[in-house]
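K.L.:
Quick one: the structure is below, questions incoming.
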């Protein structure tokens with residue numbers, strides 16, 4: 009099982025959209041067994057694949073009730089004796105499962121930092137190691153922060169992808185994220201940078217070309233040629249809680265995500281990348 013983290017310290021760069029789109033494409037189009045893990049207390053990825061009644065959720069929060077419908081990633085992080093299989097939810101898509109998050113995950117983070125009985129950064133890895141023969145890919149969604157939750161994701165992963173937007177905050181977030189990756193690599197030496205890619209891309213804007221050239225100069229081959237164009241279909245699919253491949257199968261943005269998923273799944277990434285660049289030329 010290859011474990012991948014989508015991360016950027018900046019919010020709003022398309023991490024969750026990328027995780028949901030790529031995971032769904034890998035499972036449905038490429039017939040891979042995929043496990044998604046939600047490490048974001050906002051639980052947006054969880055909401056995409058679960059029936060969440062937001063009115064009921066708001067009511068419970070307002071009244072101080074935080075009851076969970078099922079075990080979540082929070083339970084795994086706090087309990088080494090937890091059976092990881094009890095936390096796995098099967099989506100309606102064949103071969104696509106998930107370990108959900110709940111809003112109380114942010115509170116669990118504080119308890120996790122206070123619990124020093126076992127190494128905090130390896131809590132998730134301990135459980136995911138038990139699933140290595142059950143899935144081809146594990147893809148982890150993260151929050152926009154430098155947190156023990158995200159460190160758990162990085163410590164469990166072999167590869168990192170960093171979504172970007174053409175704005176200053178996103179680029180600063182990428183730099184902070186790169187430094188965090190280097191730190192985690194000291195105790196997870198198998199962690200490597202899979203690449204950075206732009207989302208909400210509009211290549212006709214001069215600022216897009218300028219920022220791309222800046223990033224290419226700074227990060228070289230780490231910056232992938234794959235770009236996810238700006239599209240209302242992505243926003244609409246999120247609101248409809250339907251993955252982009254099902255919501256708009258012929259949309260250009262769906263083709264962008266298919267190309268990126270093909271690259272992530274490729275054995276020969278250099279050849280896949282070269283073929284993509286040639287096709288775009």
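Numbering (our numbering), first residue to last: 9 to 289.
Every residue, glycine too, gets a C-beta built ideally from N, C-alpha and C.
Check for me: the beta strand (DSSP E) holding residue 138 runs from which residue to which?
P.N.:
Neither: residue 138 is in no beta strand (DSSP E) and is coded neither H nor E.
K.L.:
Cα-Cα, which of 246, 25, 34, 43 is closest to residue 141?
P.N.:
43
K.L.:
Based on the DSSP secondary-structure assignment, which residues constitute the bridge partners of residue 192?
P.N.:
Residue 192 pairs with nothing; no bridge assigned.
K.L.:
May I ask you to verify whether the segment 223-234 touches the segment 200-209, counting CB pairs closer than 8 Å and requiring at least 3?
P.N.:
Touching, yes, given that three or more Cβ pairs across the two stretches are closer than 8 Å.
K.L.:
Taking buried to mean at least 16 other C-beta atoms within 10 Å of its own C-beta, is residue 215 buried or exposed?
P.N.:
With fewer than 16 Cβ atoms within 10 Å of its Cβ, residue 215 is classed as exposed.
K.L.:
Do residue 201 and residue 189 have their beta-carbon atoms positioned less than 8 Å apart in this structure?
P.N.:
yes
K.L.:
Taking only the alpha-carbon atoms, compute the straight-line gap between residue 168 and residue 162 and give it to the nearest angstrom.
P.N.:
8 Å
K.L.:
Helix, strand or coil for residue 270? Go by DSSP, reduced to three states.
P.N.:
helix
K.L.:
Can you tell me whether residue 82 is buried or exposed? The criterion is at least 16 other CB atoms within 10 Å of its CB, across all chains shown.
P.N.:
Counting C-beta atoms within 10 angstroms of its own C-beta, residue 82 has 16 or more neighbours from the protein chains shown and is therefore classed as buried.
K.L.:
Assuming residue 117 and residue 148 are in contact, meaning their beta carbons sit under 8 Å apart, how far apart are those beta carbons, in whole angstroms?
P.N.:
Actually they do not touch by this definition, with Cβ atoms about 15 Å apart.
K.L.:
Would you give the residue range spanned by the alpha helix (DSSP H) that residue 147 belongs to?
P.N.:
Element bounds for residue 147: not the alpha helix (DSSP H) but the beta strand (DSSP E), 145-149.
K.L.:
Cα-Cα, which of 89, 130, 274, 79 is closest to residue 111?
P.N.:
If we check each option's Cα against that of residue 111, 79 comes out closest.
K.L.:
If we call anything under 8 Å between Cβ atoms a contact, is residue 20 one with residue 119?
P.N.:
no
K.L.:
Between the alpha carbons of residue 261 and residue 277, how many angstroms are there, rounded?
P.N.:
21 Å
K.L.:
DSSP three-state call for residue 133: helix, strand or coil?
P.N.:
helix
K.L.:
For residue 14 and residue 45, what's the separation of their Cα atoms in angstroms?
P.N.:
11 Å
K.L.:
Per DSSP, what are the beta-bridge partners of residue 204 in this structure?
P.N.:
170, 231
K.L.:
Would you tell me roughly how many angstroms separate the C-alpha atoms of residue 193 and residue 137, rounded to the nearest one?
P.N.:
18 Å
K.L.:
Counting along the chain, where does the alpha helix (DSSP H) carrying residue 83 start and finish?
P.N.:
81-86
K.L.:
Considering only their Cβ atoms, is the gap separating residue 253 from residue 29 smaller than 8 Å?
P.N.:
yes
K.L.:
Taking its Cβ as the centre, do 16 or more other Cβ atoms sit within 10 Å of residue 143, making it buried, or is it exposed?
P.N.:
buried
K.L.:
Looking only at C-alpha atoms, which of 266, 195, 175 sits nearest to residue 222?
P.N.:
175
K.L.:
With which residues is residue 213 paired in a DSSP beta bridge?
P.N.:
DSSP, once it has assigned bridges, lists no residue as partnering residue 213.
K.L.:
Helix, strand or coil for residue 105? Go by DSSP, reduced to three states.
P.N.:
strand
K.L.:
Mapping DSSP to helix, strand and coil, what is residue 254?
P.N.:
helix
K.L.:
Thinking C-alpha only, which one of 248, 287, 282, 279 is nearest residue 263?
P.N.:
By alpha-carbon distance to residue 263, the top candidate from 248, 287, 282, 279 is 287.
K.L.:
Would you kindly report the start and end of the unbroken alpha helix (DSSP H) that includes residue 38?
P.N.:
Here residue 38 belongs to no alpha helix (DSSP H), and DSSP marks it neither H nor E.
K.L.:
If we call anything under 8 Å between Cβ atoms a contact, is residue 251 one with residue 98?
P.N.:
no
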